[in-house]
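Everything in the sequence shown is counted per the working numbering, starting at 525 for the first residue and increasing by one.
Where a beta carbon is used, it is the ideal one built from N, C-alpha and C, also for glycine.
Values in this document were obtained by computation on a predicted structure and should not be read as measured data.
Have a look at the structure below, then the notes.
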Amino acid sequence: MARAAPAGPAVAAVNDANVQESLRSAQDQLNKGKIDEALRMLQAVHSYAVDNLQLMACVGEAYEKARNNDQALSQDQKETLYLRQQRMGGLVAAYTKVRGESAYNLGLAYVKKGDAPQARKYLVEACRTAPFSMDPASLWMRSKDLFLKISGLEGEF
């Protein structure tokens, strides 16, 4: 389970309307060296993204099962579920990106706080979430490289 962010001023509730702004604000706080504030915001963004992805997976499975196996559903209802699944696909992509970015930034924040075990946990999550890329500026490569650096494995792989 994730370690609670340090106590401090309350973080505004993250929602679909402000998730991107909340992530940018947290990154700004991190860049300004306000690590505790950034951690609080990043934890809220990360939790929101993870929760939404879990719900979408659950709902998507139920829709798929109903569309394929529920003989009591009309064709219109099956088509409605199909369209909802298609819309959810875009949301899954968006929230997967937010999850990866927030995980990387949490890792970076924990590195700056000197908490390597917590940093490694989030950096691994970022590598698992972000698409693979050889671009040194990519989220995947930055996550991997930071993990290797704090683990003393730079240049190993």
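Please confirm whether residue i and residue j have their CB atoms less than 8 Å apart.
i: glutamate 585; j: glutamine 609; result: no
i: leucine 663; j: glycine 624; result: yes
i: leucine 619; j: asparagine 576; result: The question names leucine, but residue 619 is tyrosine in the sequence shown. Closer than 8 Å, so yes.
i: phenylalanine 671; j: arginine 652; result: no
i: leucine 605; j: alanine 590; result: yes
i: glycine 631; j: alanine 650; result: yes
i: isoleucine 559; j: lysine 673; result: no
i: valine 616; j: valine 569; result: no
Between the C-alpha atoms of residue i and residue j, what's the straight-line distance to the nearest angstrom?
i: lysine 621; j: proline 655; result: 9 Å
i: serine 549; j: alanine 573; result: 16 Å
i: leucine 554; j: alanine 633; result: 7 Å
i: serine 546; j: alanine 536; result: 9 Å
i: glutamine 551; j: asparagine 629; result: 7 Å
i: proline 530; j: alanine 562; result: Below a pLDDT of 50, predicted positions are generally treated as unreliable, and proline 530, at 48, falls in that range; the measurement from the model is reported next regardless. Answer to the nearest angstrom: the Cα atoms are 10 Å apart.
i: alanine 581; j: serine 598; result: 23 Å
i: valine 648; j: glutamate 678; result: 15 Å
i: alanine 661; j: serine 626; result: 16 Å
i: glutamine 578; j: glutamine 544; result: 19 Å
i: glutamate 603; j: valine 583; result: 15 Å
i: serine 657; j: glutamine 595; result: 44 Å
i: aspartate 600; j: leucine 566; result: 41 Å
i: arginine 564; j: arginine 611; result: 30 Å
i: glutamine 642; j: aspartate 659; result: 25 Å
i: serine 571; j: aspartate 669; result: 24 Å
i: phenylalanine 681; j: glycine 557; result: 30 Å
i: arginine 666; j: aspartate 639; result: 18 Å
i: valine 635; j: asparagine 542; result: 26 Å
Could you tell me which whole alpha helix (DSSP H) segments of length 4 or greater appear in the segment 587 to 644? 599 to 637
Runs of alpha helix (DSSP H) wholly within the segment 537 to 577 (minimum 4 residues, chain order): 543 to 555
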